[in-house]
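Enquirer: Going by the numbering used here, the first residue of the sequence shown is number 2, and it counts up by one from there. Heads up, the beta-carbon is just placed ideally off N, CA and C, and yes, glycines get one too.
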Amino acid sequence: MIAILDYRAGNLTSVKRALDYLGYPSRITSDPKEVIGASRVIFPGVGAAGKAMESLKELGLDEALREAFLSGRPMMGICLGVQIVFSKSEEDETPCLGLLEGEVRRFPDGMKEGEEVLKVPHMGWNRVKWVKEHPLNEGIEPEAEFYFVHSYYPDPAKRDWVIGWTDYGISFASVIAYRSLVAV
2 MIAILDYRAG NLTSVKRALD YLGYPSRITS DPKEVIGASR VIFPGVGAAG KAMESLKELG
62 LDEALREAFL SGRPMMGICL GVQIVFSKSE EDETPCLGLL EGEVRRFPDG MKEGEEVLKV
122 PHMGWNRVKW VKEHPLNEGI EPEAEFYFVH SYYPDPAKRD WVIGWTDYGI SFASVIAYRS
182 LVAV
């Protein structure tokens with residue numbers, strides 16, 4: 002069973018429906034024991050890193066995620082889930098789980114592409130340039146487009162964790178994989 006982490010941070014039903022459509026059994030849960038016992042863990046989310054970390058700690062899910070990661074369980078962080086796997090988020094200077102070394106940074110104001118001033122949040126279709134083969138990008142075209150909605154981007158301590166880069170005023174790591182953890 003795939004555990005979809007419920008830490009009061011939204012967009013869980015869309016992930017559940019996608020997994021149901023693909024035929025993968027899953028459960029939305031906030032029970033640390035279910036997370037530890039799951040075959041895989043997905044932690045999506047929208048919102049603020051500080052509030053997310055508060056909820057994770059209150060529910061005992063911070064330690065469950067660390068245990069699942071250390072055991073080698075396949076895990077995927079999506080959106081806010083990306084922020085919380087790193088050491089720290091610039092958003093309110095929030096200490097996060099520290100599964101991956103690095104910091105999550107806010108896109109700077111005033112970024113430009115040519116003469117166009119880019120808006121934050123980064124919202125819309127954009128290309129991911131694959132720099133490494135990984136099961137996650139198998140069968141996906143080079144420089145395929147994906148939909149983005151985010152104001153923060155990961156800045157991993159090790160560039161060799163990055164399997165995809167995207168340009169939006171700056172070049173940022175849009176897909177990261179380390180051990181059994183992927184962050185998109």
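Taking Asp63 as the reference, which of Pro33, Ser90, Ile79 and Gly48 has the closest Cα?
Expert: Numbered from 1 along the sequence shown, position 62 holds the residue referred to as residue 63. Closest in alpha carbon position to Asp63, among Pro33, Ser90, Ile79 and Gly48, is Pro33.
Enquirer: Cα separation between Arg128 and Gly11?
Expert: The residue labelled residue 128 in the question sits at position 127 within the sequence shown. The residue labelled residue 11 in the question sits at position 10 within the sequence shown. Each residue's Cα considered, the two are about 25 Å apart.
Enquirer: Taking just the CA atoms, how far does Pro26 sit from Val83?
Expert: Counting from one through the sequence shown, the residue named residue 83 turns up at place 82. Counting from one through the sequence shown, the residue named residue 26 turns up at place 25. Val83 and Pro26: Cα-Cα distance of roughly 23 Å.
Enquirer: Can you find the residues in the same chain that come closer than 6 Å, C-beta to C-beta, to Phe147, ignoring five residues on each side of it along the sequence?
Expert: For the purposes of this step, residue 147 is identified with residue 146 of the sequence shown, where counting begins at 1. Hits under 6 Å: Val129.
Enquirer: Would the beta-carbon of Ser152 fall within 7 Å of that of Pro122?
Expert: Here residue 152 refers to the residue found at position 151 of the sequence shown. Here residue 122 refers to the residue found at position 121 of the sequence shown. Yes. Within cutoff.
Enquirer: Going by beta-carbon coordinates alone, are Ala184 and Gly78 separated by less than 7 Å?
Expert: For the purposes of this step, residue 184 is taken as residue 183 along the sequence shown, with counting starting at 1. For the purposes of this step, residue 78 is taken as residue 77 along the sequence shown, with counting starting at 1. Yes, the pair counts as a contact, with Cβ atoms nearer than the cut-off.
Enquirer: If distances are taken between C-alpha atoms only, which option among Val150, Glu142 and Trp131 comes closest to Trp162?
Expert: Here residue 162 is taken as the residue at index 161 of the sequence shown, counted from 1. Here the closest residue by C-alpha is Trp131.
Enquirer: Please report the Cβ distance between Ser40 and Leu60, rounded to the nearest whole angstrom; I am assuming they are in contact, meaning their Cβ atoms lie under 8 Å.
Expert: Residue numbering aside, residue 40 sits at position 39 when the sequence shown is read from its first letter. Residue numbering aside, residue 60 sits at position 59 when the sequence shown is read from its first letter. Actually they are not in contact, since the Cβ atoms of Ser40 and Leu60 sit about 21 Å apart, beyond 8 Å.
Enquirer: Which same chain residues end up closer than 8 Å to Ala69 when comparing Cβ atoms and leaving out the 5 residues on each side of it in sequence?
Expert: Working through the sequence shown from its first residue, we reach residue 69 at position 68. These residues qualify, in order along the chain: Val36, Ile37, Ala39, Val42 and Met76.
Enquirer: Within the chosen definition, does the segment 109-119 reach the segment 83-95 through at least 3 CB pairs nearer than 8 Å?
Expert: At 8 Å Cβ cutoff, the stretches do not touch.
Enquirer: Where does Asn12 fall in DSSP's three states?
Expert: Looking up residue 12 in the sequence shown gives position 11. Here Asn12 carries a coil assignment [DSSP, helix/strand/coil].
Enquirer: Note down, one range per segment and in chain order, each beta strand (DSSP E) of at least 3 residues found wholly within the segment 57-86.
Expert: 76-78
Enquirer: Does DSSP put Pro96 in a helix, a strand or coil?
Expert: The sequence position of residue 96 within the sequence shown is 95, counting from 1. Looking at Pro96 - three-state DSSP - the assignment turns out to be strand.
Enquirer: Using the C-alpha atoms, what's the distance from Val176 back to Phe149?
Expert: As a working note, residue 149 is residue 148 in the sequence shown. As a working note, residue 176 is residue 175 in the sequence shown. If you take the alpha carbons of Phe149 and Val176, they lie about 12 Å apart.
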